[in-house]
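So for the sequence shown, numbering that gives the first Met the number 0 puts the first residue at 0; every next one is plus one. Glycine included, C-beta positions come from ideal geometry on N, C-alpha and C. What follows is a set of notes on a single structure, which appears directly below.
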Amino acid sequence: MSFRAVFIAVVLGTALLIAAFMVHRYRPRVVIEQPSAAFVRASGKCAECHANLEASIVHEYELSVHARKGINCLDCHHPAANQQGQEHHGFTIAAHLTAGNCRSCHEPIYQQYLRSRHAAAAWAGVYGSGDFTPEQIAIGETYHPGSCRRPANPLTSLEGGPLSQGGCARCHSIGRPNNDGTIGTCTACHTRHTASVEVARLPSTCGQCHMGADHAQMEIYNESK
């Protein structure tokens, strides 16, 4: 490898690491508190265990619109279509949720998401079409021709796996292809257990990804105040 190629790789790697650190600067602050005893009792076995192991996620869920509407843990964590469930203390759950779980209730919103560049086009812009099924490529190409049926970005192989995962994938995984046939992850913007529309609309949420030298929307927004 020539000196020039090594130099470019080092510079790009350093820039990605700086960008990754800057992501946390704009991350919305989450206050970690204990869930109320009344909520733990009312929400059953899941909360009883996780209140001791991961109190923050139980408290986040307690404050969510899902909790206020009586949606329980298994309503979201039950394996959706084409998902492999796993046994967890007497329950069969999907440990890693995808857009497939959310679309069970939010199908119109999922269809809106598929039409956006946050969907398949976001992942393909870095990793190309290799991870997608033909059906997933067809969906992406329907709305944005040429955005999914493409090779990986050359910088991906130049930077290597660790830098790519720590830099590009942190944001572009919003459009990752899932094994259940769906595309993307809703929690990238809506957060996990708060499942908040309000948080998704905050400039600071968008600024977790839309910042830096190559897409400086957050900096432009801050300068506009």
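Checking 8 Å against the spacing of the C-beta atoms, do residue i and residue j come in under that value?
i      : j      : result
ILE56  : HIS192 : yes
ASN100 : GLY124 : no
GLN82  : ASP213 : no
ILE173 : HIS117 : yes
ILE182 : GLN110 : no
SER115 : ARG149 : no
ASP130 : PRO78  : no
THR155 : CYS170 : no
For residue i, does the three-state DSSP call read helix, strand or coil?
i      : result
HIS87  : strand
ILE92  : strand
PRO150 : coil
HIS23  : Unreliable positioning characterises HIS23 in this predicted model, as indicated by a pLDDT of 48, which lies under 50. The coordinate reading is nonetheless provided below. The answer is helix: DSSP assigns HIS23 an H, G or I state.
ILE182 : strand
VAL29  : Any answer about VAL29 is weak, because its pLDDT of 49 lies below 50 and its placement is not dependable; what the coordinates show is given next. Note: VAL29 maps to coil in three-state DSSP.
HIS77  : coil
MET217 : helix
CYS188 : helix
THR132 : coil
SER1   : coil
ARG116 : coil
ALA137 : helix
CYS72  : helix
THR155 : helix
MET210 : coil
SER223 : helix
Closest Cβ-Cβ distance between residue i and chain D: below 8 Å?
i     : result
LEU52 : Looking at the structure shown, chain D is missing, and only one protein chain is on hand.
Starting from residue i, follow the alpha helix (DSSP H) in both directions and report where the run begins and ends.
i      : result
GLU106 : 98-113
LYS44  : 44-52
ALA120 : 119-126
HIS171 : 167-171
ALA199 : 196-199
SER63  : Counting along the chain, SER63 falls outside any alpha helix (DSSP H), and DSSP gives it neither H nor E.
SER203 : 202-205
Assuming residue i and residue j are in contact, meaning their beta carbons sit under 8 Å apart, how far apart are those beta carbons, in whole angstroms?
i      : j      : result
ALA120 : THR184 : About 15 Å separates the two Cβ atoms, so there is no contact after all.
LEU62  : HIS76  : Their Cβ separation, rounded to whole angstroms, is 18 Å, which puts LEU62 and HIS76 out of contact at 8 Å.
HIS65  : ALA194 : 5 Å
LEU113 : PHE90  : Between PHE90 and LEU113 the Cβ distance is about 30 Å, and since that is not below 8 Å, they are no contact.
GLU218 : MET210 : 6 Å
Tell me, which residues are paired with residue i by DSSP?
i      : result
PRO144 : Answer is none; PRO144 lacks a bridge partner.
PRO176 : ILE182
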